[in-house]
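In terms of the numbering used here, the sequence shown opens at residue 13 and continues consecutively.
We treat Cβ as the ideally placed atom computed from N, Cα and C, and that holds for glycine.
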Amino acid sequence: MSPRVRNGQITGPFPRRRIAVIRRASMATLTGSVAASPSVVSDAMATRARPLLLCLCLCFASSCLSSAVDAAAAAGNGYRTTAFLVDDEGRRLRAELVAGGGGGNTAYGGDVQRLDVYASLETDSRLHVRITDADHPRWEVPQDVIPRPSPDSFLAATRPGGGRVLSTATSDLTFAIHTSPFRFTVTRRSTGDVLFDTTPNLVFKDRYLELTSSLPPPGRASLYGLGEQTKRTFRLQRNDTFTLWNSDIAAGNVDLNLYGSHPFYMDVRSGGGGGGGAAHGVLLLNSNGMDVIYGGSYVTYKVIGGVLDFYFFAGPSPLAVVDQYTQLIGRPAPMPYWSFGKLALCFALLLQFFLLDLAAADIVAFVVAGFHQCRYGYKNVADLEGVVAGYAKARIPLEVMWTDIDYMDAYKDFTLDPVNFPADRMRPFVDRLHRNGQKFVVIIDPGINVNTTYGTFVRGMKQDIFLKWNGSNYLGVVWPGNVYFPDFLNPRAAEFWAREIAAFRRTLPVDGLWVDMNEISNFVDPPPLNAIDDPPYRINNSGVRRPINNKTVPASAVHYGGVAEYDAHNLFGFLEARATHDALLRDTGRRPFVLSRSTFVGSGRYTAHWTGDNAATWEDLHYSINTMLSFGLFGIPMIGADICGFGGNTTEELCSRWIQLGAFYPFSRDHSAIGTVRRELYLWESVARSARKALGLRYRLLPYLYTLMYEAHTTGAPIARPLFFSYPGDVETYGIDRQFLLGRGVLVSPVLEPGATTVTAYFPAGRWFSLYDFSLVVATKTGKRVTLPAPADTVNVHVAGGNILTLQQPALTSSRVRQSVVHLLVALADDSTATGDLFLDDGESPEMAGPRSRWSQIKFSGATESGGGVVRVRSHVVHDSYAPSRTMAIGKVVLMGLRSPAPPKGFAVYANGVQVNASTAVGGAAGSPEKGALGVAHVSGLTLVVGQEFDLKVVMTY
């Protein structure tokens, strides 16, 4: 039923929506809204949503803004607004559009004649704008993938200015409709800066949607995100095209669509009306294939289905943008502590050391610190045992051992090769790892071998959980040969998957699962069955506009509920990762670890990610930083690349430099392809030295890294961040992608070229101290580039003044790791202050800081008093239900950046007002005496209990 216009009045309601149910997910809706309904549309299953009860007022055309750009020849005729309304709070708007006439352009099909526009200020920092067919239901991302408020009914109100604007006093986002031809703008209210400015040539056809937004003059807008692609730079470059169609294309190929789809970008503005460093985010929530073209002065979306479902995030800081973004798509899942690394040195490992004839001193020095080792091509259990022993003998930390598909019986999921990896040898091997405090992870693929003697296949057939095509199960080909693929839109498929995982873990108690090939990858090209296998607009698949069916399942395949693969293709990896996460949680009762190659918006709620099949090249070493930083924006902070490169033969120097960088990936794993040279880190002594040094520093930083995981889980903040996250006002940071930050203040500056003995690093304004010897390296009022020594075994890592880090100490047993003595590193800023945080829990409880978990959070602050002669370091216990925090003690505090006219003659140390007998030592100072040299003081012999608030005062006499 359509609205009717009579004498300037709307006499009929907007059309009812036919909504198909895939899965229901409870969700909060706007106050006064109707109950949220699933937004997956299908002709096969439909229910009627409540009709919108609208009182409308008519609006005629007004003048258009002239700032839009024409990014591509119009494939349609544009639209004009015929009716609109705004609610009485100015937070929701609805409009009806009709197609323009003019010539009946039928490129890519006929225009949808009537469109429904819904805009809502869902929060003060988030604006939702949705454009869809007003008369026919269309596919939308399911509610249980991204639970979110649904468009709802409201009563109209007469508002000043004609009612074409959404704006409130509490929101910095303003939405405005421009009527004939239709376009819309999103503006930052506080500055007037236009954030999104669509051109009049909106195209909306059945299988082709196009929308363009103009951008400010060159140099004002720096865009980041969109993907997944391997890029030469982190910042988007003019004429970049991002194709979003999940594909099994090796990550060693630049500028091609890879494994995941993330139609989200962050825009950081410099200068102009928006001031310096103001950021906002834009998401097009659509799972269909698309090209997103960044033209420098515009961004164009060309989408082959679904709806135009935009979300705008106000920021204005980069951290605020990812906070607001992950509020919508879901917070990143907490990762188990062991995935970052933990200490493990148990009796069984000591025995192994003795068998290897290691000296007692070597045993004491050995630690396990969060490194993962894998290879495609391990031959048998003895090969695995040799790798573990090799790391132990070389005193290189190894936390997790992995195996690729080699362990399977004929590459079938949930099986063991009875000859090379038999259960009677694999189970004792994994048990030994566990006794040593180490973990074991294996790969699984989605394809289930079609084999009537294979129990997993038989059970899947019985439960009818496979993807359909042309009336039967779709038959693909992957590693085991002919396969069927589970349909994870089917609720029975997740249950099937969970039972198979649980049964497999009874045979082999793996600690995590690695889900690969889930784009879906297929070794054959399915023939077209109908029109949706070959849409009228060919996205730039694989950079050559190859058919969307190539090397995957056919677009005409049918999921549960009648959903076409054409619409749901990009969701498969998300759905499999979710099913795997939930299965591990149910089976173990502990925090799951899942690593997925294919991802979508919101995948970070369930999985970590690695950058895929990269190459052993110096270029890929650099590109790994760009991908890592992009996935931080996407809400997937547990990210890393295959260290030393996956494909091709690495070199000793490349591998040495790669572990220096890779030790500081949030997810740190060495992995390589079959047929390439082995690259375990102990095989070259120079690489082993780099590994011991870099991983040793990673180990000391584990309390800091784990606290960053807590921050990511609660606010969406990336663990590895671009420099502009901490220095958004410094435009020089906008183009930096050869360095990165861990958290807000640990700067990693790796060597990325062969033969280098120095590295040129950019340091934003402030003080920067070495994390190796705590010396002041740079103090600058403005950002500056500095050439640093880069010895063959060392990566440059610095901490910014203003930060307090908790450092873990080496040579501890696993039983003491949570009762250990830690150090506080206090790096004073120019204003002689510093702050920091520490989060503690058992590292494996399903909830992180949840109501049913036990955890502690402590905030630290430091400052000088009395002209710099007194330094105070205080703690504030925010929460303390984790008992080991009451036995863990701070044994040493290192004070950096002390300004003093001369070296102190003496120290007096007070803890909570009582003088204590602490040891003190003074490090080297930098600077001139007349300006006040910056020195280091080491205060040791302390016993400050982490879980109890303290006030430490250090008084220096001269």
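Less than 9 Å separating the beta-carbons of Val958 and Thr932?
On the sequence shown, residue 958 is found 946 positions in, with the first residue counted as 1. On the sequence shown, residue 932 is found 920 positions in, with the first residue counted as 1. The answer is no: Cβ separation not under 9 Å.
With a threshold of 8 Å, establish whether the CB of Gly472 neighbours any heavy atom of the ligand NAD.
This structure does not include the ligand NAD; it has no bound ligands of any sort.
Compare the C-alpha of Val527 against each of Arg609, Asp123, Ser865, Ser484 and name the closest.
For the purposes of this step, residue 527 is taken as residue 515 along the sequence shown, with counting starting at 1. Comparing Cα positions, the closest option is Arg609.
Ordered along the chain, which non-local residues of its own chain (more than five positions away) have a Cβ less than 8 Å from that of Leu541?
Within the sequence shown, residue 541 is the residue found at index 529, counting from 1. So the qualifying residues of the chain are Trp481, Asn482, Pro566, Ser568.
For Leu695 and Val399, what's the separation of their Cα atoms in angstroms?
As a working note, residue 695 is residue 683 in the sequence shown. As a working note, residue 399 is residue 387 in the sequence shown. Roughly 10 Å between the two C-alpha positions.
Roughly how many whole angstroms lie between the Cα atoms of Phe605 and Ala290?
As a first step, residue 605 is located in the sequence shown; it is residue number 593 there, counting from the start. As a first step, residue 290 is located in the sequence shown; it is residue number 278 there, counting from the start. The straight-line gap from Cα to Cα measures roughly 35 Å.
If you reduce the DSSP assignment to three classes, tell me which class Met39 lands in.
As a working mapping, residue 39 is identified with position 27 in the sequence shown. For Met39, the predicted model reports a pLDDT of 28, less than 50, meaning its position is unreliable; a value from the coordinates is still stated below. Three-state DSSP puts Met39 in coil, outside helix and strand.
Which word fits Ile655, buried or exposed, when buried means at least 16 other C-beta atoms lie within 10 angstroms of its C-beta?
Residue 655 sits at position 643 when you count from the first residue of the sequence shown. Looking at its Cβ environment, which holds 16 or more other Cβ atoms inside 10 Å, Ile655 is buried.
So is Pro212 buried or exposed if we call it buried at 16+ other beta carbons inside 10 Å?
Numbered from 1 along the sequence shown, position 200 holds the residue referred to as residue 212. It is buried - the Cβ of Pro212 has at least 16 other Cβ atoms within 10 Å.
Closest to Gly488 by CA distance: which of Thr519, Ile532, Ala510, Val454 is it?
Residue mapping note: residue 488 aligns to position 476 of the sequence shown, counting from 1. Looking at the Cα atoms, Ile532 is the closest of the given residues.
Here's the rule I'm using: 16 or more other beta-carbon atoms within 10 Å means buried, otherwise exposed. How should Ile651 be labelled?
Taking the first residue of the sequence shown as 1, we reach residue 651 at position 639. So Ile651 counts as buried.
Distance, Cα to Cα, Arg557 vs Leu235?
Position 545 of the sequence shown holds residue 557. Position 223 of the sequence shown holds residue 235. Roughly 25 Å separates the two Cα atoms.
Just list the beta strand (DSSP E) runs in the stretch 229 to 265, keeping only unbroken ones of 3 residues or longer that don't cross its boundaries, in chain order.
The qualifying runs are 233 to 239, 252 to 256.
Can you give me the Cβ contacts of Ala87 inside the same chain, cut-off strictly under 7 Å, excluding the 5 residues immediately before and after it?
If you number the sequence shown from 1, residue 87 lands on position 75. Asn117, Ala119, Tyr120, Val215, Tyr220, Glu222.
Which whole-angstrom value is the C-beta distance of Ser844 and Gly880, which I expect to be below 8 Å?
As a position in the sequence shown, residue 844 is number 832, starting the count at 1. As a position in the sequence shown, residue 880 is number 868, starting the count at 1. Yes, they are in contact, since the Cβ atoms of Ser844 and Gly880 sit about 7 Å apart, within 8 Å.
Would you please state the rounded distance, in angstroms, between the beta carbons of Ala591 and Leu501? I believe it to be under 8 Å.
If you number the sequence shown from 1, residue 591 lands on position 579. If you number the sequence shown from 1, residue 501 lands on position 489. About 11 Å; that fails the 8 Å criterion.
Quick one: what's got a C-beta closer than 6 Å to Gln21's C-beta in the same chain, skipping five residues either side?
Numbered from 1 along the sequence shown, position 9 holds the residue referred to as residue 21. Here the model assigns Gln21 a pLDDT of 31, short of 50, so the residue's position is not dependable, and the following value carries that caveat. Cβ within range, chain order: n/a, list empty.
For Leu693 and Ile408, what's the separation of their Cα atoms in angstroms?
As a first step, residue 693 must be located in the sequence shown, where it is residue number 681. As a first step, residue 408 must be located in the sequence shown, where it is residue number 396. Distance between the alpha carbons of Leu693 and Ile408: 8 Å.
If you run the structure through DSSP and keep just helix, strand and coil, what is Gln155?
Numbered from 1 along the sequence shown, position 143 holds the residue referred to as residue 155. If DSSP states are grouped into helix, strand and coil, Gln155 belongs with coil.
In terms of residues, what are the limits of the beta strand (DSSP E) holding Ala920?
Within the sequence shown, numbered from 1, the residue matching residue 920 stands at position 908. Unbroken beta strand (DSSP E) run through Ala920: 918 to 923.
Quick one: is Pro229 buried, meaning 16 or more other Cβ sit within 10 Å of its Cβ, or exposed?
Position 217 of the sequence shown holds residue 229. Counting Cβ neighbours within 10 Å, Pro229 comes out exposed, since fewer than 16 surround it.
Considering only residues of the stretch 517 to 552, which uninterrupted beta strand (DSSP E) runs meet the minimum length of 3 residues and lie entirely inside it, listed in chain order?
Fully enclosed beta strand (DSSP E) runs of 3 or longer: 524 to 527.
Among Asn553, Tyr390, Tyr774, Tyr718, which one has its Cα closest to the Cα of Leu735?
Residue 735 sits at position 723 when you count from the first residue of the sequence shown. Closest by alpha carbon: Tyr774.
So Asp321 is in the alpha helix (DSSP H); what residue range does that whole segment cover?
Residue 321 sits at position 309 when you count from the first residue of the sequence shown. Unbroken run through Asp321 is the beta strand (DSSP E), 320 to 325; no alpha helix (DSSP H).
May I have the straight-line CA-CA distance separating Gln155 from Thr255, to the nearest angstrom?
Against the sequence shown, residue 155 aligns to sequence position 143. Against the sequence shown, residue 255 aligns to sequence position 243. Using only the alpha carbons, I get a separation of about 24 Å.
Flag this pair as yes or no: are the beta carbons of Arg343 and His725 separated by less than 9 Å?
The residue given as residue 343 occupies position 331 in the sequence shown. The residue given as residue 725 occupies position 713 in the sequence shown. Result yes, Cβ atoms of Arg343 and His725 sit closer than 9 Å.
Should Val926 go down as buried or exposed, given a rule of 16 or more other Cβ atoms within 10 Å for buried?
By one-based count along the sequence shown, residue 926 stands at place 914. Per the 10 Å Cβ criterion, exposed.
Among Glu134, Val763, Thr969, which one has its Cα closest to the Cα of Leu105?
Along the sequence shown, one-based indexing puts residue 105 at 93. Checked all of Glu134, Val763, Thr969; the closest Cα to Leu105 is Glu134.
Taking the DSSP output, what are the residues bridged to His888?
Residue numbering aside, residue 888 sits at position 876 when the sequence shown is read from its first letter. BP columns for His888 point to Lys871.
Could you tell me whether the Cβ atoms of Leu817 and Val883 are closer together than 9 Å?
Position 805 of the sequence shown holds residue 817. Position 871 of the sequence shown holds residue 883. No.
In chain order, which beta strand (DSSP E) runs of at least 3 residues are fully inside the stretch 377 to 427?
Segments of the beta strand (DSSP E) lying fully in the stretch 377 to 427: 412 to 415.
Any idea what DSSP makes of Ser137, helix, strand or coil?
Here residue 137 refers to the residue found at position 125 when the sequence shown is read from its first residue. Coil, per DSSP.
Roughly how far, in whole angstroms, is the beta-carbon of Tyr337 from the beta-carbon of Gly293, given that I think they are within contact range, below 8 Å?
Position 325 of the sequence shown, counted from the first residue, corresponds to residue 337. Position 281 of the sequence shown, counted from the first residue, corresponds to residue 293. With a Cβ gap of about 5 Å, Tyr337 and Gly293 count as contacting.
Using the rule of at least 16 other Cβ atoms within 10 Å of the residue's Cβ for burial, across every protein chain shown, is Thr770 buried or exposed?
The residue labelled residue 770 in the question sits at position 758 within the sequence shown. Thr770 comes out exposed.
Only counting runs of 3 or more residues, tell me where the beta strand (DSSP E) segments fall wholly within the stretch 586 to 639, in order along the chain.
Entirely contained in the stretch 586 to 639, the beta strand (DSSP E) runs reaching 3 residues are, in chain order, 606 to 608.
Give me the residue from Ser636, Trp670, Pro521, Arg232 with the minimum Cα distance to Val266.
Residue numbering aside, residue 266 sits at position 254 when the sequence shown is read from its first letter. Selected option, being the one with the closest Cα: Ser636.
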